[in-house]
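Protein chains in written order, with the numbering used here: chain F, 5 to 117; chain Y, 24 to 138.
Set out below in structure tokens:
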């Protein structure tokens with residue numbers, strides 16, 4: 005079945021550092037890909053998405069590009085802030101089905117001042 | 024506040040007791056989803072409704088679990104005869120239908136601890 009693999013955390017960075025969180029997927033069709041963010045004590049929020057190969061999703065300075073050839077959707081940000089500290093989840097869904105997402109295990113990001 | 028709300032936020036119960044959680048979705052959303060999240064894992068799908076119809080159930084949803092959405096608005100998730108393995112965060116989400124179902128809005132979750 006479909007699955008998502010994320011790099012293990014925590015990822016610890018200093019403010020203004022460059023961020024990469026790796027995500028790879030396995031799917032039989034052509035899934036849509038997502039990054040969700042979960043701040044402490046809050047529900048998950050959709051951060052960005054891409055629905056077809058070579059699409060780039062972007063939001064709040066975060067970017068991810070749908071790479072079909074490497075089955076990847078890595079999350080990047082050029083300069084992280086303390087307020088970016090959260091857990092980040094990569095997910096996929098089958099647009100031909102019920103749109104139920106399959107989530108990765110999440111990667112915790114800790115940004116120090 | 025027009026987001027997804029869940030009550031209670033925390034529930035501690037003894038093994039064997041029944042518990043019920045409530046989810047109030049965003050008012051114009053047709054779809055409502057329940058997920059379970061354990062420590063260090065991503066959310067796992069349990070079931071979803073489109074309006075009042077329960078359209079899909081995961082094999083994770085054992086016969087001790089039942090969910091309802093009687094009027095197509097709020098939903099309840101009941102767990103009967105709770106077990107320690109039921110301890111988890113239970114998340115609710117809502118969305119529009121069709122392609123708009125790609126964007127789900129999550130509530131803050133109900134954390135269940137079974138002693």
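Glycine included, each C-beta is placed from N, C-alpha and C at the ideal position.
Assigned exposure category for residue i - 16 Cβ within 10 Å defines buried
i	result
residue 123 of chain Y	exposed
residue 10 of chain F	buried
residue 76 of chain Y	exposed
residue 85 of chain F	exposed
residue 132 of chain Y	buried
residue 60 of chain F	exposed
residue 83 of chain Y	exposed
residue 98 of chain Y	buried
residue 33 of chain Y	exposed
Cβ-based neighbour list, residue i, same chain, cut-off 6 angstroms, excluding 5 preceding and 5 following
i	result
residue 81 of chain F	23, 65 and 66
residue 66 of chain Y	58, 60 and 114
residue 44 of chain Y	100, 113 and 133
residue 76 of chain F	28
residue 125 of chain Y	none
residue 88 of chain Y	102
Cβ-heavy atom distance, residue i to the ligand COA, below 6 angstroms
i	result
residue 63 of chain F	The ligand COA is absent from the structure shown, which contains no ligands of any kind.
Pick from the options that is closest to residue i, judged by C-alpha positions
i	options	result
residue 72 of chain F	F:44, F:108 and F:30	F:30
residue 36 of chain Y	Y:80, Y:104 and Y:51	Y:104
residue 88 of chain F	F:42, F:5, F:8 and F:104	F:42
residue 56 of chain F	F:44, F:79, F:99 and F:14	F:99
residue 5 of chain F	F:115, F:97, F:116 and F:110	F:97
residue 25 of chain Y	Y:134, Y:136, Y:118 and Y:135	Y:118
residue 27 of chain F	F:74, F:90, F:33 and F:45	F:74
residue 35 of chain F	F:113, F:114, F:104 and F:112	F:104
residue 68 of chain Y	F:113, F:15, F:102 and F:114	F:102
Euclidean distance between Cα positions of residue i and residue j
i	j	result
residue 47 of chain F	residue 83 of chain F	24 angstroms
residue 38 of chain Y	residue 48 of chain Y	29 angstroms
residue 63 of chain Y	residue 95 of chain Y	32 angstroms
residue 127 of chain Y	residue 138 of chain Y	32 angstroms
residue 92 of chain Y	residue 46 of chain Y	9 angstroms
residue 62 of chain F	residue 70 of chain F	11 angstroms
residue 17 of chain F	residue 41 of chain Y	44 angstroms
residue 29 of chain Y	residue 13 of chain F	28 angstroms
residue 68 of chain F	residue 53 of chain F	8 angstroms
residue 73 of chain Y	residue 116 of chain F	43 angstroms
residue 31 of chain Y	residue 79 of chain F	33 angstroms
residue 32 of chain F	residue 25 of chain F	23 angstroms
residue 114 of chain F	residue 21 of chain F	11 angstroms
residue 19 of chain F	residue 129 of chain Y	28 angstroms
residue 90 of chain Y	residue 112 of chain F	31 angstroms
residue 86 of chain Y	residue 44 of chain F	32 angstroms
Cβ neighbours of residue i in the same chain (closer than 7 angstroms, five flanking residues each side left out)
i	result
residue 50 of chain F	38 and 40
residue 107 of chain F	8, 93 and 95
residue 110 of chain Y	135, 136 and 137
residue 52 of chain Y	117, 118 and 119
residue 107 of chain Y	38 and 137
Own chain residues within Cβ distance below 8 angstroms of residue i, not counting five before or after
i	result
residue 71 of chain Y	54, 55, 56, 57, 77, 78 and 79
residue 110 of chain F	10, 13, 42, 91, 92 and 93
residue 50 of chain Y	25 and 96
residue 3 of chain F	There is no way to answer for residue 3 of chain F, as the model of chain F reaches only from 5 to 117.
Problem set entry | chain F contacts made by the region 56-90 of chain Y, where a contact means CB separation under 8 angstroms | 56, 63, 64, 65, 66, 67, 68, 71, 78 and 79
Exercise. Which of the residues in the region 102-116 of chain F, read from start to end, lie with their CB under 9 angstroms from any CB of chain Y?
Worked result: 102, 103, 104, 105, 106, 107, 108, 109 and 110
For this session: Identify each residue in the region 36-66 of chain F for which the Cβ-Cβ distance to at least one residue of chain Y is less than 9 angstroms, and report them in chain order.
Result: 36, 38, 40, 42, 45, 46, 47, 48, 49, 50, 53 and 55
Exercise. Quick one, which residues of the region 77-100 of chain F are near chain Y if we go by CB-CB under 8 angstroms, in chain order?
Worked result: 93, 95, 97 and 99
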